[in-house]
Structures are given as C-alpha cells and as structure tokens.
Amino acid sequence: MRGRLAVLAACVAVARASAACSIDVGARIVDDSRRPVEKGAPPPRSMPADLVDAFTRCGSVPVHDFYVDDTLGGKGLFVEFGKESFDKQLKSAQALIAKADAQKGRKPFLLSIPGALGRAAEAMRRHRGVFAGARVAVFGSQQPTYETLALALGAESVTVFEYQVPKFQHPRVVTADARALGAAAAAQGGWPAPTAEFAPGGERWLRDGGQFDVALSVSSFDHDGLGRYGDPLCPDGDLRAMDTAMLAVRPGGLLFVSVPVGPDAVAFNLMRRYGRQRLPLLLEGWTDVDRVTWEDDRLDAEVDIRRTYEPVFVLRKPAAGEQPTDWLREMRRAAPGTQDEL
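With mature numbering (1 follows the signal peptide of the UniProt record, and there is no 0) as the guide, the letters of the sequence shown map in order to residues -19 to -1, 1 to 323.
Here it is in structure tokens:
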C-alpha cells in the first residue's frame, strides 16, 4: 500500500509545482478526448500546446522530438498481401516454429532473432496451447507476421484491427478498421469515441464479454494517440487501446503485448516509453501470466530513446472471481534497493 501512496504522492508534488497545470495526475485517465488529424494532411509535427500537460502529466514525463509520417503525407498507407505472398509468409512462420521446437540448446532459438519478432514468437510458442482453435485478434499490423504465427500455432481465425486497413488474402484472416472496434468499445465503456466515422459494426466483437480467445499487440499500443498513423491525437489513447482490448478479449483469455520499457518518456510523434509511472497504468486490470525477456533494472536504465527495450507481457483478462495483478506493487517490487511491503 505504501508503494502506491508513494507513487501518487510524487505525482501530486509535480502537479503542485506547476501552478498552471490542472491535470489530476493521480487519475489513470487524464485526457481521452480525440482530436482528429486533418483529412488528407500529414500528422502534426509538434505536440499541441494545450495537450502538453496531459501528455506529460504536468511535466513529469519528458518529451523528445522524433517525427515520423506513416500516412505518406496524408495519402494513407495501403498494404496488400495476395494469396501467394501470404502463403509464403505462412510457410516461413511454420518453419520458424518447427526450428524452435527442434532446438536443444539452452537459450531459446527465437530469442536470438533481433527485435520484437523473436521475443513475441517465443512468447507465443511458450503458450502455444491457447492458440489451438482460437479466435485471435491482432491490434496494429503492416504485414502478417503475427497473424501467420498464430495460424501456424493452430488458430481458427485471425481478425486484424488497423487504422490503415491492410488487405491479407487468406480464408481465415479478416481485416477491419480499428476505429469501428474503438467506437463500439467507447460506447460500451462510456468514454469518447475515436471518431464519428467508421462507427457501425464494431459491437459484434464485444458480445458476450469479448469474442476473442487471444489478442496480440506487438509494438503497437505505444503509438496510439500520437497521430503517426493518421489516428486522432489523444494523450491517453494508449490506455484506451488497452481498455478496448479488455472488452474484446473473453474472460480468461490472453493478451500478448509489448511496448518500450524504460524511464517514462514521450517521443512525439514516434512512441511512448513506459516506466514506473505509466507502465502500471497501461497494465491495470490484467493478471500477470508471463514476461518474456523482462529485466527489472531496465525500468530505470537511461538509454537513447531510439534504442528500445521491449519485453513481452503475457496477460490474462480475469475470469469471474479472479483478482488482477497489483501493478503498482509489482513496479515497487522491481525498484532497486527496496523490499515489497505487504
């Protein structure tokens, strides 16, 4: 309990230090309003002045300048994998899993693959049982890397949610506009909808407490609300993305999520980095199942914002009567030189 109070007290102190800041930094959601990027225009190059307090929690989170336009100047990015290309990717995924299964060394072969792919693939392989016959959701995708891995592990179907909807030609894969799901989740959860457009149709994925057995978000949610992909500016867009995933996954279902971890920061408009302040907010409500390549000391390691460390969290949506993990306590436990206080 003291760990939670210490974090909140530190946030309150920062808020008081800025007389002009009216943000309630003790709240999980401080600003989930949506500011659409002008249609046909590239993403904003700088953080709007009136959103700085919300993005930085009254100045407690540093901002780095790192601009990326993944809308091609506002024209939009269209990705297509025809049957031949998709089948080739699927065969590669099957071969990757087979090679990992045949390995007999100590270090998992998949972890020798640099970047997010190796860590996510290893996490999926470790928990392969949940993919057999599963309905899988993928949040954010520009090529069918994790879709094909899910199919290789036995998934029954895969639904991809993306702001710039790709086209993947496979009978068990469907692609959809992320705003449709977001609008339905907002209506059910009682928060602002991502946009008035593309609103119909998302309800079907939220029926019966969630339609998906498994969901994947690999290097995706940390971008939500920064405008990089043409999505509306929203200081807490990443937290609402996690809330949407919570509504889409059935009770007892799993979410595999990876985000950059380190001292809290926002690289606008590239990404967010999650530390002791924001990581517990992102993971709130979920039960800790597994963490692939997690290292406690990375929470405080000062490194170049461009050199990301992205462990994979395997999380479970609590079933009836199950208590979620106390993530503030977990971050306190990971603090150097401290002991958990029961």
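All residues carry an ideal CB built from backbone N, CA and C; glycine is no exception.
Keep in mind the model is a prediction, meaning the values are calculated, not measured.
For this session: Determine the burial state of Gln258: buried for a count of at least 16 other Cβ atoms within 10 Å of its Cβ, exposed for fewer.
Result: With 16 or more other Cβ atoms from the protein chains shown falling within 10 Å of its own Cβ, Gln258 counts as buried.
For this session: Look at the alpha carbon of Leu309 and the alpha carbon of Pro261, and state the distance between them as a whole number of angstroms.
Result: So the alpha carbons of these two residues sit roughly 6 Å apart.
Exercise. Which of the three DSSP states, helix, strand or coil, is assigned to Ala315?
Worked result: Collapsing the DSSP output to three states places Ala315 in coil.
Exercise. Would you say Leu228 and Gln169 are within 8 Å of each other, going by their C-beta atoms?
Worked result: Their beta carbons are under 8 Å apart, which means Leu228 touches Gln169 by this criterion.
Exercise. Where does Arg253 fall in DSSP's three states?
Worked result: Strand.
Exercise. What number of angstroms, rounded off, separates the C-alpha of Arg38 from the C-alpha of Gly211?
Worked result: Taking the straight line from one Cα to the other gives about 23 Å.
For this session: Return the CA-CA distance between Tyr314 and Ser66, expressed in angstroms with no decimal places.
Result: Note on residue identity: the sequence assigns Arg, not Tyr, to residue 314. When rounded, the distance between both Cα atoms is 46 Å.
Exercise. What whole-angstrom Cβ distance do Ala157 and Val141 have, given they're in contact under 8 Å?
Worked result: That pair is a contact at about 7 Å.
Exercise. What are the boundary residues of the alpha helix (DSSP H) that includes Gly99?
Worked result: Element bounds for Gly99: 97 to 107.
For this session: Taking only the alpha-carbon atoms, compute the straight-line gap between Ala200 and Ser3 and give it to the nearest angstrom.
Result: Sequence check: residue 200 is Ser here, not Ala. Put simply, the backbone Cα of Ser200 is about 31 Å away from that of Ser3.
For this session: Within its chain, find whatever has a CB closer than 8 Å to the CB of Ala282; leave out the 5 residues flanking it on each side and keep chain order.
Result: If we look at Ala282 and ignore the five residues flanking it on each side, its Cβ neighbours are Gly243, Pro244, Tyr290.
Exercise. Do you know offhand how far Val230's Cα is from Gln192's?
Worked result: Separation of Val230 and Gln192 (C-alpha to C-alpha, rounded to the nearest whole angstrom) is 6 Å.
For this session: Please report how far the alpha carbon of Leu53 lies from the alpha carbon of Val293, in whole angstroms.
Result: Between the alpha carbons of Leu53 and Val293 lies a distance of about 29 Å.
Exercise. Does the pairing of the segment 96 to 110 with the segment 120 to 137 give three or more beta-carbon distances under 8 Å?
Worked result: A contact exists between the segment 96 to 110 and the segment 120 to 137.
Problem set entry | Counterpart residues of Glu143 in DSSP-defined beta bridges | Per DSSP, Asp158.
Exercise. Across which residues does DSSP place Arg16 in a beta bridge pair?
Worked result: Paired residue(s): Leu214.
For this session: Give every residue of the same chain whose Cβ lies closer than 6 Å to the Cβ of Leu251, excluding the five residues on either side of it in the sequence, and list them in chain order.
Result: If we look at Leu251 and ignore the five residues flanking it on each side, its Cβ neighbours are Phe47, Val49.
Exercise. Val238: which of Arg253, Met312, Leu264, Asp31 sits nearest, CA to CA?
Worked result: Comparing Cα positions, the closest option is Leu264.
Exercise. Under the DSSP definition of a beta bridge, which residues are partnered with Thr268?
Worked result: Per DSSP, the beta-bridge partners of Thr268 are Arg297.
Exercise. Measuring CB to CB, does Phe120 end up less than 8 Å from Ala226?
Worked result: For Phe120 and Ala226, yes; Cβs fall inside 8 Å.
Problem set entry | Residue range of the alpha helix (DSSP H) that includes Leu71 | Taken as a continuous stretch (DSSP letters only), the alpha helix (DSSP H) holding Leu71 covers 64 to 83.
Problem set entry | Coil, strand or helix - His204 by DSSP | Here His204 sits in helix by DSSP.
Exercise. How many Å lie between Pro125 and Val60 at the Cα?
Worked result: Rounded to whole angstroms, Pro125 to Val60 spans 10 Å at the Cα level.
Exercise. Which value, in whole angstroms, describes the spacing of the CA atoms of Arg253 and Asp203?
Worked result: Straight-line spacing of the CA atoms in Arg253 and Asp203 works out to 5 Å.
Problem set entry | Burial state of Glu143 (16 or more Cβ within 10 Å) | By the 10 Å Cβ count, Glu143 comes out buried.
Problem set entry | Residues that DSSP places opposite Asp46 in a beta bridge | According to DSSP, Asp46 shares a beta bridge with Phe249.
For this session: Compare the C-beta of Lys80 against all C-beta atoms of chain C and say whether one is closer than 8 Å.
Result: The chain inventory of the structure shown lacks chain C, comprising one protein chain alone.
Exercise. Using the beta-carbon count (16 or more within 10 Å), is Gln145 buried or exposed?
Worked result: Answer is buried; the Cβ neighbour count reaches 16.
Exercise. Should Pro241 go down as buried or exposed, given a rule of 16 or more other Cβ atoms within 10 Å for buried?
Worked result: Buried, since its Cβ has 16 or more Cβ neighbours within 10 Å.
Exercise. Going by alpha carbons, who is nearest to Tyr171 out of Ile10, Trp275, Val18, Ala1?
Worked result: First, the residue type needs correcting, since residue 171 is Gly and not Tyr in the sequence shown. When each option's Cα is compared against that of Gly171, the closest is Ile10.
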